[in-house]
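Take a look at the structure below.
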Amino acid sequence: MAKKAMIEREKKRQRLVKQYAAKRAALKEIINDQEKPMEERFRASLKLANLPRNSSATRLHNRCQLTGRPHAYYRKLKISRIALRELGSAGQLPGMVKSSW
Numbered sequence: 834m835a836k837k838a839m840i841e842r843e844k845k846r847q848r849l850v851k852q853y854a855a856k857r858a859a860l861k862e863i864i865n866d867q868e869k870p871m872e873e874r875f876r877a878s879l880k881l882a883n884l885p886r887n888s889s890a891t892r893l894h895n896r897c898q899l900t901g902r903p904h905a906y907y908r909k910l911k912i913s914r915i916a917l918r919e920l921g922s923a924g925q926l927p928g929m930v931k932s933s934w
């Protein structure tokens, strides 16, 4: 049950990051522009702080799509080493043969 919740939470974060990406980029550009007046940069900083925390790309984690495990994650397969081993043993991964597990 907790595994599903973490996977869903991560999907929600990905959706928020995609939704707010342009707005965050525009605000960051204003904040980093030294030509702009200090007051305008400060207002942009406050607007950026008021955006949802989960809309920041640094909040995303790589998680196994089957188990929700955040560690030992294979990016190309989008699964963890444990799920990879289980699928390989069951013969559900084409080209993978059980060797000496």
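The working numbering puts the sequence shown at residues 834 to 934.
We put the beta carbon where it would ideally sit given N, CA and C, even for glycine.
Taking the beta carbon of residue i as the centre, do at least 16 other beta carbons fall within 10 Å, making it buried, or is it exposed?
{"i": "serine 1014", "result": "An answer regarding residue 1014 cannot be provided, because it is not within the stretch 834 to 934 covered by the chain."}
{"i": "glutamate 862", "result": "exposed"}
{"i": "leucine 939", "result": "Summary: the structure shown does not reach residue 939, with the chain confined to residues 834 through 934, and so no result is reported for it."}
{"i": "serine 932", "result": "exposed"}
Check each candidate in the options and name the one with the smallest Cα separation from residue i.
{"i": "asparagine 895", "options": "Ala854, Leu920 and Leu910", "result": "Leu910"}
{"i": "serine 888", "options": "Tyr853, Lys836 and Leu926", "result": "Tyr853"}
{"i": "leucine 879", "options": "Ile864, Ala890, Pro870 and Glu868", "result": "Ile864"}
{"i": "leucine 849", "options": "Tyr907, Leu899 and Ala890", "result": "Ala890"}
{"i": "leucine 920", "options": "Asp866, Leu899 and Glu872", "result": "Leu899"}
{"i": "alanine 855", "options": "Leu881, Arg918, Pro927 and Met871", "result": "Leu881"}
{"i": "arginine 842", "options": "Arg874, Glu873 and Pro903", "result": "Pro903"}
Following the continuous alpha helix (DSSP H) through residue i, name the residue where it begins and the one where it ends.
{"i": "methionine 871", "result": "871-883"}
{"i": "alanine 916", "result": "914-923"}
Which whole-angstrom value describes the C-beta separation of residue i and residue j, a residue pair presumed to lie in contact below a C-beta threshold of 8 Å?
{"i": "lysine 836", "j": "glycine 901", "result": "4 Å"}
Can a CB atom of chain C be found closer than 8 Å to the CB of residue i?
{"i": "lysine 861", "result": "Note that chain C does not occur in the displayed structure, where there is just one protein chain."}
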